[in-house]
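Numbering (this note's numbering), first residue to last: 1 to 363.
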């Protein structure tokens with residue numbers, strides 16, 4: 001185990017001569033090279049806000065904020081209004097919202113006087129896609145949701161002629177995660193191949209972000225995604241305090257638990273099938289950010305994220321919603337894990353083109 005964070009040999013890991021892991025070193029590099037602090041960050045935000053206001057001065061909305069009901073996206077919505085912007089909130093409804101998430105979104109947006117556009121995916125399509133990934137036995141089932149979110153944000157931005165999408169993605173609290181524990185979210189080739197092999201329902205409402213669409217949105221329409229939390233002094237606990245006190249937001253038990261499926265995926269599927277506890281990198285990032293002590297993180301990681309009774313209730317709910325029997329689900333869980341690369345993949349090409357697109361946009 002690392003002597004600075006709590007990353008350990010359950011992950012692909014290397015230690016230096018002082019017992020500090022490669023993830024800590026990578027985190028420090030990201031913070032130094034990609035997160036702006038002090039006056040530099042302040043000037044960056046001022047430029048961004050002024051540019052958004054100028055380009056959207058004759059429009060009802062000048063930016064989009066994707067909202068999930070979680071801390072980061074809620075805080076970005078709060079900041080957008082504080083900066084005097086005219087945001088439109090966009091939410092992807094994939095059928096898995098918890099009651100608390102729905103209440104948080106409704107309460108927060110009402111308090112901030114922000115309009116909401118909800119992109120609803122046909123449940124039979126989305127269920128078929130998720131089941132395809134379960135049957136494919138790959139590690140990153142969340143590609144199905146994450147890719148749809150990105151595509152929905154671009155579609156809404158294009159529909160309302162909005163050039164800026166404000167994202168809650170940030171390196172301070174999310175800067176540690178083994179690449180082997182996920183897959184490139186933009187790999188629609190992998191998604192379509194897995195669905196072709198294991199799916200049965202034709203995709204009509206699911207928003208796929210193809211290479212040509214990405215080129216159209218990013219280069220032709222010049223829609224930019226801005227990770228604004230990387231340009232301010234961002235502290236998750238302080239952000240929670242603000243949105244709880246000022247917006248009536250309610251906290252969840254763990255990160256990303258605003259989604260029923262994500263909660264079950266992270267607390268049941270990942271640990272039992274892949275031997276992965278995502279709390280380890282989540283807490284490690286917070287340790288490196290100075291928000292959580294290593295001692296407290298080590299104590300927290302010893303406690304199961306959910307009781308057996310809570311797990312049983314969630315399992316019954318998920319299996320029923322998927323239309324599976326318990327035996328059918330257990331058989332899927334017993335399938336040997338497979339790599340995303342065992343199926344068609346465009347990851348290398350798409351990552352390379354993404355870097356090229358980013359360079360063009362910056363110029």
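Just so it is clear, CB atoms sit at the ideal spot from N, CA and C, and this is done for glycine as well. A quick note: this is a predicted structure, and the numbers were derived from the prediction, not measured.
- Judged by pairs of C-beta atoms under 8 angstroms, the stretch 172 to 189 touches the stretch 345 to 359, as three or more such pairs exist.
- Taking residue 277 as the centre and dropping the five residues before and after it, the same chain places the C-beta of 271 closer than 6 angstroms to its C-beta, in chain order.
- Separation of residue 338 and residue 322 (C-alpha to C-alpha, rounded to the nearest whole angstrom) is 21 angstroms.
- Straight across, the Cα-Cα distance linking residue 67 with residue 17 is about 43 angstroms.
- When secondary structure is reduced to three states using DSSP, residue 13 falls in the coil class, being assigned neither helix nor strand.
- Residue 160 sits close to residue 88, with the two beta carbons spaced by under 8 angstroms.
- In this structure, the alpha-carbon of residue 137 lies about 45 angstroms from that of residue 47.
- Note on geometry: alpha-carbon atoms of residue 70 and residue 241 lie some 13 angstroms from one another.
- In the three-state reduction of the DSSP assignment, residue 169 falls in the coil class, being assigned neither a helical nor a strand state.
- Boundaries of the alpha helix (DSSP H) harbouring residue 152: 143 to 159, taken from the DSSP string.
- Note on geometry: alpha-carbon atoms of residue 113 and residue 298 lie some 41 angstroms from one another.
- Excluding residues up to 5 positions away in sequence, 128, 129, 132 and 203 lie with their Cβ nearer than 8 angstroms to the Cβ of residue 195 in the same chain.
- Judged by DSSP secondary structure, residue 262 falls within the alpha helix (DSSP H) whose first and last residues are 260 to 264.
- Per DSSP, the continuous alpha helix (DSSP H) segment holding residue 49 begins and ends at 38 to 55.
- DSSP lists 93 as the bridge partner or partners of residue 120.
- Minimum Cα-Cα distance from residue 308 among the listed residues 268, 284, 325 and 329 corresponds to 268.
- A direct Cα-to-Cα measurement between residue 126 and residue 91 gives close to 15 angstroms.
- With 16 or more other Cβ atoms from the protein chains shown falling within 10 Å of its own Cβ, residue 259 counts as buried.
- With a 10 Å radius around the Cβ and a threshold of 16 neighbouring Cβ atoms, residue 154 comes out buried.
- Within the same chain, 66 and 92 come within 7 angstroms of residue 149 by CB-CB distance, once the 5 residues on both sides are set aside.
- Residue burial is scored here from C-beta neighbours: residue 134 has at least 16 other C-beta atoms within 10 angstroms and is therefore classed as buried.
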